[in-house]
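A.B. asks:
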Amino acid sequence: LSVTYRSGRYELKLTRVSANHYTFTMPAYDVYVTAEFTSDGFPFDDVRSNQWFYDAVYYVWANDLMEGVDYDEFNPNGTMTRAMFWAVLGRIDGETITGSDWADEARDWAMSEGVSDGTDPNGLVTREQMVTMLWRYAGERDGSGSLSRYTDGDKVAQYATEAMRWALGNGIIEGTTATTLEPQATATRAQCAAIFMRYYK
Numbered sequence: 001l002s003v004t005y006r007s008g009r010y011e012l013k014l015t016r017v018s019a020n021h022y023t024f025t026m027p028a029y030d031v032y033v034t035a036e037f038t039s040d041g042f043p044f045d046d047v048r049s050n051q052w053f054y055d056a057v058y059y060v061w062a063n064d065l066m067e068g069v070d071y072d073e074f075n076p077n078g079t080m081t082r083a084m085f086w087a088v089l090g091r092i093d094g095e096t097i098t099g100s101d102w103a104d105e106a107r108d109w110a111m112s113e114g115v116s117d118g119t120d121p122n123g124l125v126t127r128e129q130m131v132t133m134l135w136r137y138a139g140e141r142d143g144s145g146s147l148s149r150y151t152d153g154d155k156v157a158q159y160a161t162e163a164m165r166w167a168l169g170n171g172i173i174e175g176t177t178a179t180t181l182e183p184q185a186t187a188t189r190a191q192c193a194a195i196f197m198r199y200y201k
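Just so we're aligned, residue 1 is where the sequence shown starts under the UniProt record's numbering, counting upward by one.
#1: Flag this pair as touching only if the region 132 to 143 and the region 177 to 184 have three or more C-beta atom pairs under 8 angstroms; answer yes or no.
#2: Nearest CA to the CA of Leu89: which residue from Val47, Arg189, Gln51 and Leu65?
#3: Helix, strand or coil for Thr188, going by three-state DSSP, please let me know.
#4: Which term fits Gln150, buried or exposed, when burial requires 16 or more other beta carbons within 10 angstroms of its beta carbon?
#5: Taking Glu95 as the reference, give the member of Ala110, Arg82 and Ala167 with the closest Cα.
#6: Could you check where the alpha helix (DSSP H) with Glu162 kicks off and where it finishes?
#7: For Gly114, does the count of other Cβ atoms within 10 angstroms reach 16, so buried, or fall short, so exposed?
#8: With DSSP collapsed to three states, give me the class of Leu147.
#9: Which first and last residues belong to the alpha helix (DSSP H) in which Thr132 is found?
#10: With respect to the alpha helix (DSSP H) encompassing Leu65, which residues constitute its N-terminal and C-terminal limits?
#11: Is there contact between the region 188 to 201 and the region 156 to 165, where contact requires at least three CB pairs shorter than 8 angstroms?
#12: Buried or exposed: which applies to Trp52, given that a residue is buried once 16 or more other Cβ atoms fall within 10 Å of its Cβ?
#13: For the alpha helix (DSSP H) that contains Ser112, what are its first and last residues?
#14: Where does Leu124 fall in DSSP's three states?
#15: Restricting to Cα atoms, I'd like to know which of Asp154, Gly143 and Gly153 is closest to Ile172.
#16: Within the same chain, show all residues whose beta-carbon is closer than 8 angstroms to that of Ile195, passing over the 5 residues directly before and after it, in chain order.
#17: In whole angstroms, what is the alpha-carbon distance linking Ala106 and Gly68?
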């Protein structure tokens, strides 16, 4: 980003706020601002093209739904809090949830939309919680997926049963293996990215 003033040209400092958004402070006098962006490419060193979650992570990054834990680190096997999950759903809904108050904004949005009761924002989201909140956001549609094909299908909590059937029937979630769902297991960031991509696309 360059600025032209009577005395010549100088550079402005950009502040990166998300994958594809930057801010800068406009000079206080009459200038011409010229912006030229070139892509730095996919930034995460810990997500490789031969890993199952590559497409999902790329998708949520490119669409400003999820960010890395650092500029070059996504931490695919890391966890997400409930507040983080609310924030991504809010972004899918078109909300701008950023800045220092992002967690409160995400909680307020989730409660207003009936996605969550807003409790335990710092708690780690489980696999059955993530599909339930997504299911509520989607309008609590009927499910057609089978839980009985999984050896732990009967372990899905009652509140999450219809949501899990909906997510399975629509290919939004898959088992952790061919025969297990692990509904109470903590969801990884890669798993969350995958369900966001499958739903959002």
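All residues carry an ideal CB built from backbone N, CA and C; glycine is no exception.
C.D. replies: Put simply:
#1: With the cut-off at 8 angstroms, the region 132 to 143 and the region 177 to 184 do not touch.
#2: Start at 1 with the first residue of the sequence shown, and residue 89 comes out as number 89. The residue with the shortest Cα to Cα distance from Leu89 is Leu65.
#3: Counted from its first residue, the sequence shown places residue 188 at position 188. In this structure, Thr188 counts as strand in the three-state DSSP scheme.
#4: Working through the sequence shown from its first residue, we reach residue 150 at position 150. Checking the sequence shown, residue 150 turns out to be Tyr, not Gln. Buried: at least 16 other Cβ atoms inside 10 Å.
#5: Here residue 95 corresponds to residue number 95 of the sequence shown, with the count starting at 1. When each option's Cα is compared against that of Glu95, the closest is Ala110.
#6: In the sequence shown, counting from the first residue as 1, residue 162 sits at position 162. Looking at the DSSP string, the run of the alpha helix (DSSP H) that includes Glu162 is Thr161 to Gly169.
#7: As a position in the sequence shown, residue 114 is number 114, starting the count at 1. Result: exposed.
#8: Locating residue 147 in the sequence shown gives position 147, where the first residue counts as 1. Three-state DSSP puts Leu147 in coil, outside helix and strand.
#9: Translated into the one-based positions of the sequence shown, residue 132 becomes position 132. Counting along the chain, the alpha helix (DSSP H) containing Thr132 begins and ends at Arg127 to Tyr137.
#10: Start at 1 with the first residue of the sequence shown, and residue 65 comes out as number 65. Run containing Leu65: none; DSSP gives neither H nor E here.
#11: No: fewer than three Cβ pairs fall under 8 angstroms.
#12: Taking the sequence shown and counting its residues from 1, the one referred to as residue 52 is at position 52. Flag for Trp52 reads exposed.
#13: Here residue 112 refers to the residue found at position 112 of the sequence shown. Taken as a continuous stretch (DSSP letters only), the alpha helix (DSSP H) holding Ser112 covers Trp102 to Ser112.
#14: Translated into positions along the sequence shown, residue 124 becomes position 124. Reduced to three states, the DSSP call for Leu124 is strand.
#15: Taking the first residue of the sequence shown as 1, we reach residue 172 at position 172. The shortest C-alpha to C-alpha distance from Ile172 to any of Asp154, Gly143 and Gly153 is the one to Gly143.
#16: Working through the sequence shown from its first residue, we reach residue 195 at position 195. Only Met130, Val131, Leu134, Ala167, Ile172 and Ile173 meet the Cβ criterion.
#17: Looking up residue 106 in the sequence shown gives position 106. Looking up residue 68 in the sequence shown gives position 68. Those two C-alpha atoms are separated by around 18 angstroms.
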